[in-house]
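Have a look at the structure below before the remarks.
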Amino acid sequence: MKYWKGIEELDNSPEFVKNAFAEFPDFLPVKEGRAGSTDDASVAPRRDFLKLMGFSVAAATLAACETPVHKAIPYLNKPEEIDPTISNFYASTYFTGSDYNAVLVKNRDGRPIKLEGNPESPVTRGGLSARAQAAVLNLYDGARLREFAIKGKPADYDQVDQAVRTGLAGTTGKIALVSHTIISPSTKRAIAALAGRYRNVEHIMYDVNSASSLIQANGGVLPSYDFSRANVIVSLGADFLGTWISPVEYSRQYVTNRKVSTEKRTMSRHFQFETALSLTGSNADVRVAVKPSEMGTIALALYNAVAGGGTTTGLSALAQKQVAQAAKELQANRGASLVVAGSNDPAVQAIVAATNQALGNVGTTINLSAPSFVRQGDDIRMAQFVDELKSGAIGAVIFYNANPVYNHPRGAEIEAALPKVPLSISLNDRLDETGFLCQYQAPDSHWLESWNDYEPKRGFLSLAQPAITPLFKTRQAQETFLRWAGSNESYYNFLKDGWRTTLGVNAGFQAAWDKVVHDGVATGSALTTNPFTGRAMSVAEATSGISNGAKTGIEAVLYEKVGIGQGGVEANNPFLHELPDPISKATWGNYVAVPRKMAEEQKWSQGDVVKVTANGKSIELPVLVQPGQADGTVSIALGYGRTRAGKVGDAVGANAFVLAQATSNGVIYHTTVTLEKTGATNPIAQTQTHHTIMDRHEVVQENTLAKYREDPKEVTEYELVATPDGLEKPNKVSLWQDYQYNDHHWGMAIDLNSCIGCGSCVIGCQTENNIAVVGKQQVINRREMHWMRIDRYYSSAHHEDEFEKNGKLNTYAAMEDPSDNPQVIFQPMMCQHCNHAPCETVCPVLATTHSSEGLNQMTYNRCVGTRYCANNCPYKVRRFNWFSYYSNEKFEDVNGHMFTDLGRMVLNPDVTVRARGVMEKCSLCVQRIQLGKLEAKKQKRRPKDGEIVTACAQSCPTEAILFGDMRDPSSRLSQLLRREDGERAFHVLDSINVQPNITYLTKIRNGAAEFFPAEENA
Amino acid sequence: MLIVLVVTLAIIANLMKDVLQGRKDLDGRDVEILDQRFDWAKLYQSPALRGIVGVVFALVLLYVGVQSVMAVGLTQGYQPTQPIAFSHKIHAGENQINCAYCHTSVYKGKSANIPSANICMNCHSQIKTESPEIKKIYRAIERKQPIQWVRIHNLPDLAYFNHSQHTQVGGIQCQTCHGPIQNMEVVYQYSALTMGWCINCHRETPLNTKGNAYYDNLVKLHDKSNNAVPFTVSSNGGTECAKCHY
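From first to last, the protein sequence lines stand for chains A and B. First residue of the first sequence: 16, per this note's numbering; consecutive thereafter. First residue of the second sequence: 159, per this note's numbering; consecutive thereafter.
Take a look at the structure:
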């Protein structure tokens, strides 16, 4: 049979044959112009050319309207437990050298996308720090090393293993393994295996923010504390809610004894003596600002007062008074009190240990038999290591997640000596300041890609399991140690074998093991305490070691920030850089916090760059005027000024580790400095620039415990409006038609008494809702995108009685200025989901509407960006997208998680990535509500209370946020609101009658006004 | 159709005219009628006609324009060629294999799940092993390269759709949205998948509340206030923005 396309083909005419082989004509019928042409007709004029062009452009445009072809690529062999679009949760553990958190990893389509607290853990009890929340982003960090390398050249595992084994066997000097604190029993066994294979291996642990002296003072162990059993807490510069030892664990304990209700009208009492205004200090009932050099004297004075020793001189009258008061209360609560100190001075820690001993706290609030393991660093050993490195005694050095070139005060010495070491190996995850100088790179996998076990406290075990196969050609460090020790066992088997002994079951081990993998936590112990170099000082020794009184000159204290911490792997995490500091609300970089008095004297204003010099080293940073900063002191955050962290973290702020002093007793984090104005300015990106609430009780309310004890109905001020029937609550009068909620009525209660301001919810919200990071300049332009913020207000009783004398305006103007040692109050603020929402009425396109479940809905696709809603929002919680943060190359570095394929893996597929020109705001995690409802419907039941939680409420370490259904009378939220109605429950700006679904509970302070050192400011 | 009618009429008129002109028994008046000339030029120049035609033309243009703009991104009827000539007609139609056998998460998750090759292998390790199409699956498994199907139903990312809500909870049949899938040799997009299409169904479909304790109280409340109206998806808030857009 013959097929033909046309008559021509059938005929096979010569014309057809000629054209059949020329699909395209030889020439385009377009000529440049008419010049020289004789035959006008054959020439296509330019106009025709333009017409042709126009047509083809139009045609191309139309053709482009066609939908692109999408591929759907299923698994070849689907794992049984993975269903696309259904999230799985795996229990794991976060510990990167500072704080321990038991986590649940939310895995979606095989990718970890969010971390949540593991409620099974008896240590962190479902809480999660901001740092741990943000840690999921580190997995997709583009700055991670992608393969093994020898002297900068990529190499196979085998090549590196071979070379390292030969090198280690051949070395004549000492082999040093430098790491941060390791709380993993199996990792320690793997290191022991390595040490067993070669001669002269030494494992040196050091902590970036060392607790060496604390361990030393307690006979070589780090005690575990129980803040929940302490009625009186005295902290000497220990930021135990923010950064000290185990903040999440302590926060939960602390708050247990701070929550109040009509039935429980007692609270612990918290004294804080400190230099910089810390997160802990801002929560204290009594806070005294002191110089770091005074801390020893205060510790001694307290000891003397408690133990009945001699008198102490050299204290200011105020400190003297408060120490006496603290001592009095401590003595009244023997065995139910706690004194902690953040100092790394062995003398101070020895005195504090003796004070606790004298108070009978050991065995009640202090547990020495179940010590904490999260700090094991030994400063003296580390100092010896640096000396040995310089003298050439070290033949080989291995760095395992340790970056001493950057974060040790003697980093410069290490940097100079390291290239001379015959064999240097880095297991760090990136080519950081230390790893860069090493010959061999054997990058460790991320903890979300690895098996591991942990023992944060004796008797409490925790497991980490891989939630994703390694993204790069890395290998987890423990397996690397085993290879170098000559073993071919996988670390998983090695670990499991160890657990046979730990769990102590032989028959039925698999079942017990499966339970541990499922729960993520277990009881049992596998870790032994390390022998410690230093010896505890006696009280007499310590007393003589404490210099009397404050030094002259400006003292600087170096502290850790709640977000960026020690500047380890977190340093390249944009979430943490943009997390506002709880107190200063500053983002992106560190600064010199100075008291107002100093700024006035020196004529510095905020943002002026000063040169800070100490011990011959100097750094340049802008000045930030910080209320609450002790007179004659400044404070500077550690963890910034990285040079090899990655695109995000490099050159943000300055490295303050160089100012720390490495003494023979350990690293001291305060020093005397000189400050000098450079003339340059560097603006500080703060998210909150107003400081006080200026008597506006409608926004945030607080009262004293004394008042609450007397009558809980008297602690909250309610605005009433005049109606024909007399004074009424504002919601009794309305022009609006009320909504009827048949199904659910979602709401939230935030207990201001429990909120410590840590910022965990802010990051939880950010990871859950794909919120963009905007970078320093946009924060300065007030365009940060956080759906949730924590407002920090300073307050004090000053000026309150001056209305008569100075008039209202002047008094408010005076109140605007925070006092030098203010009280602080934190208030988480997000969309209040008003029932009479002012934003809804002004939207011209109905992009923001009210749902039948009480939610204020934001529909991005309808929004045209008029911003009327933001303008009309009394709470200022709406955020406008000024840029395409996911495609504008200006944001490529800071917002990498929306740019690269690698980074985008972290995005929550259930939440839209918002485009430019739309408004966005808290949705009350509607995706979680919808999912929870769906699960209930599938099981043909009503949702259980507590089953649906928002991201912020899920991981709050202090359970300050309670989310629930107000339509369900038996929900915890409904019960709480019924109980607190007329007592502590209030709505922000109640009198404007927008009727929010978010309720706040008045903060109660355990201290009458006279306890606050007001006279200091006089 | 209209053109055919007009042409046919014109032909008939011409034929009539010819026939009549052939007849000589017509009187003067008839001849006048027969020979009269219609003044086409006059009609052509009349402003009224020009106006009418202009308006009609503009309206047609507008209609076509709006229609084509509305159809941008609309892929109803989209029937791409798949890498493997899989026939739903054979599997779902003739062999009556339950949809959820292959689309494993259709009652569980947001996505129905395109079956992985190991599901194909449950049967095709034995059945029709010689077929060139089946051999493509073997090859994919050997080479460890997953099969790249062409996705037919593409909802925009801004819309959240969950299969299990509709199948498991709502009890909606697959065919309601996917059409006569059991007869499709090659699958095509049966429904428009526009927002109007979604909303329409949400407005009209009564909720599947029977035996589901989630809805018990809601049904009572609904019946109490407006008994005559059926309890639809929309009357339970199913047309609110944040039910699909977040």
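Backbone N, C-alpha and C define an ideal beta-carbon position, used for all residues, glycine too.
Contacting residues, own chain, Cβ-Cβ under 6 angstroms from residue i (five flanking each side not counted)
i: B:Met271; result: The sequence shown places Asn at residue 271 of chain B, rather than the Met named in the question. So the qualifying residues of the chain are His261, Thr262, Ser263.
i: A:Asn133; result: Ala106, Ala117, Val118, Leu119, Gly535
i: B:Gln326; result: Tyr265
i: A:Ala537; result: Leu476, Val531
i: A:Arg982; result: Tyr756, His759, His760
i: A:Gly296; result: Gln287, Glu289, Arg302
i: A:Ala221; result: Reading off the sequence shown, one finds Tyr at residue 221 of chain A, where the question assumed Ala. Cβ within range, chain order: Gly392, Met397.
Contact with chain B by residue i, beta-carbon distance below 7 angstroms
i: A:Ser87; result: The question names Ser, yet the displayed sequence has Ala at residue 87 of chain A. Yes, its Cβ sits closer than 7 angstroms to a Cβ of chain B.
i: A:Ser276; result: no
i: A:Leu639; result: no
i: A:Asp447; result: no
i: A:Leu949; result: yes
i: A:Val193; result: no
i: A:Thr864; result: yes
i: A:Gln676; result: no
Exposed unless 16 or more other CB atoms sit within 10 angstroms - verdict on residue i
i: A:Val1003; result: buried
i: B:Met228; result: exposed
i: B:Met353; result: exposed
i: A:Pro875; result: One point to set straight first is that residue 875 of chain A is Tyr, not Pro, in the sequence displayed. Result: buried.
i: B:Ile191; result: exposed
i: A:Glu868; result: buried
i: A:Gln701; result: buried
Contact list for residue i against chain B, beta-carbon separation under 8 angstroms
i: A:Asn103; result: Correct list: empty, because the minimum Cβ distance to chain B is about 11 angstroms.
i: A:Asp758; result: Leu376, Asn394, Gly395
i: A:Asp960; result: What A:Asp960 touches in chain B: nothing, since even the nearest Cβ is about 15 angstroms away.
8 angstroms CB neighbourhood of residue i in its chain, flanking five on each side removed
i: A:Val1009; result: Gln847, Cys849, Asn850, His851, Ala852, Pro853, Pro889
i: A:Asn887; result: Pro853, Cys854, Thr856, Val857
i: B:Thr390; result: His360, Arg361, Glu362, Thr363, Pro364, Leu365, Gly396
i: B:Ala243; result: Glu291, Val344
i: A:Asp753; result: Asn850
Cross-chain neighbours of residue i in chain B, by beta carbon under 7 angstroms
i: A:Leu922; result: Per Cβ cutoff of 7 angstroms: no residues; A:Leu922 is ~11 angstroms from chain B at best.
i: A:Asp925; result: Tyr318
Per-residue contacts from residue i into chain B (C-beta, under 9 angstroms)
i: A:Leu91; result: Ser274, Ala275, Asn276, Ala298, Ile299, Lys302, Gln303, Pro304, Ile305
i: A:Ser938; result: Ala400, Tyr404
i: A:Asp98; result: Thr262, Ser263, Lys266, Gly267, Ser269, Asn271
Identity of the residues DSSP links to residue i by a beta bridge
i: A:Ser439; result: A:Val412
i: A:Gln287; result: A:Ser250, A:Arg302
i: B:His282; result: None, per the DSSP bridge assignment.
i: A:Met763; result: A:Phe978, A:Ile1013
i: A:Val607; result: A:Val638, A:Ile651
i: A:Leu119; result: A:Ala106, A:Glu131
Test: residue i CB closer than 7 angstroms to a CB of chain A
i: B:Tyr348; result: no
i: B:Tyr221; result: no
i: B:Thr390; result: no
i: B:Tyr372; result: yes
i: B:Ser283; result: no
i: B:Asn312; result: yes
i: B:Gln254; result: no
i: B:Gln237; result: no
Nonlocal neighbours in the same chain, by C-beta distance under 7 angstroms from residue i, ignoring five residues either side
i: A:Gln621; result: Val638, Leu639, Val640, Ile699
Where residue i meets chain A, residues with beta-carbon distance less than 8 angstroms
i: B:Pro364; result: Result: empty, since nearest Cβ-Cβ is about 15 angstroms, beyond 8 angstroms.
i: B:Leu379; result: Asn757
i: B:Gln331; result: Result: empty, since nearest Cβ-Cβ is about 18 angstroms, beyond 8 angstroms.
Within chain A, the residues that residue i reaches when beta carbons sit closer than 7 angstroms
i: B:Ile309; result: Ile is not the amino acid found at residue 309 of chain B; the sequence shown has Arg there. Simply His85, Lys86, Ala87.
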